[in-house]
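Student: Here's a structure for you.
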DNA sequence: CCAATATTTAACCAGGGATGTAACTATTGG
DNA sequence: CCAATAGTTACATCCCTGGTTAAATATTGG
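Chains as they are written, first to last, in full-length UniProt numbering: chain W, 1 to 111; chain V, 1 to 111.
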């Protein structure tokens, strides 16, 4: 029942700005403000995107101990892995065909 | 510039019915009507979903030679592969960390 | 305590996307 | 030629998402 995670991931990643955020966070944790400028979004817009990504559990947030105004966001790996698994499953029948083809070739080679 | 393909894939896969369609077509080609009943959608709704998936080049269509009223749809593998590559890239820094950890363990083991 | 910084919340608005119904096209089969 | 089948298109509607502006909250630094 990890399907939920996949569903939320796709729904939330429909937005190009949020895809960019995921991309950026893929390279490492970032602050909200940094993400805003990097994506060319206003602060309020970014705040909402982050809230959506949080509620979909695609990212996590932490307050910086030194400066509690700052908030850093981190990409969670679980949903990424879940989506990869989903795509693998979609590809399953191609893999099978590939397997069948391999067997076919092998049979030819050994004959 | 394969990023376009990824963008369209995510935008189009935001809809749960279309995700279902992709899932179903992952198991093999299907007709429009079959997909409609399988997903519990009306014929017009499915027709629209398929048109969207076609324009995003996620699927292809073929007319059946015997009965030209029928149309079968097939999942294209290219976008699936492209999205997998995208996710791999997002995961890149985790892989690095994993690599670093492995090296760390190896160093410990050999010492 | 005050000014500046970082981010969130609220209120509002415009556009897009999904759906159902009904009508239409194309094709098959008797 | 007509009835049935498969699918598409058009239209009206609804809702949801995303953006903006302005104000609020929280925290830091002088």
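Even glycine gets a Cβ: it sits at the ideal position worked out from N, Cα and C.
Because the structure is a prediction, the values reported are computed rather than measured.
1. Indicate the three-state DSSP secondary structure (helix, strand or coil) for residue 91 (chain V) in the structure shown.
2. What span of residues does the beta strand (DSSP E) with residue 61 (chain W) cover, start to end?
3. Keeping to the same chain, check which residues put their C-beta closer than 7 Å to that of residue 24 (chain V); ignore five residues upstream and five downstream.
4. When the Cα atoms are used, what is the spatial distance from residue 90 (chain V) to residue 64 (chain V)?
5. Which same chain residues end up closer than 7 Å to residue 6 (chain W) when comparing Cβ atoms and leaving out the 5 residues on each side of it in sequence?
6. Find the residues of chain W that neighbour residue 53 (chain V), judging by a C-beta separation of less than 8 Å, and give them in chain order.
7. If you compare alpha carbons, which of W:58, W:68, W:76 and W:67 is closest to residue 8 (chain W)?
8. In chain V, which residues lie less than 7 Å from residue 27 (chain W) when you measure between Cβ atoms?
Tutor: On the basis of the data shown:
1. Residue state, collapsed to three classes: coil.
2. Run containing residue 61 (chain W): 59-63, per the beta strand (DSSP E) assignment.
3. Within the same chain, and ignoring the five residues on either side of residue 24 (chain V) in sequence, the residues whose Cβ sits closer than 7 Å to its Cβ are 30, 35 and 38.
4. When the Cα atoms are used, residue 90 (chain V) and residue 64 (chain V) turn out to be separated by approximately 40 Å.
5. Excluding positions up to five away in sequence, the list reads 82, 83 and 86.
6. Within chain W, no residue comes near residue 53 (chain V); the closest Cβ sits about 13 Å away, beyond 8 Å.
7. It is W:58 whose Cα lies nearest to the Cα of residue 8 (chain W).
8. Here the neighbours are 93.
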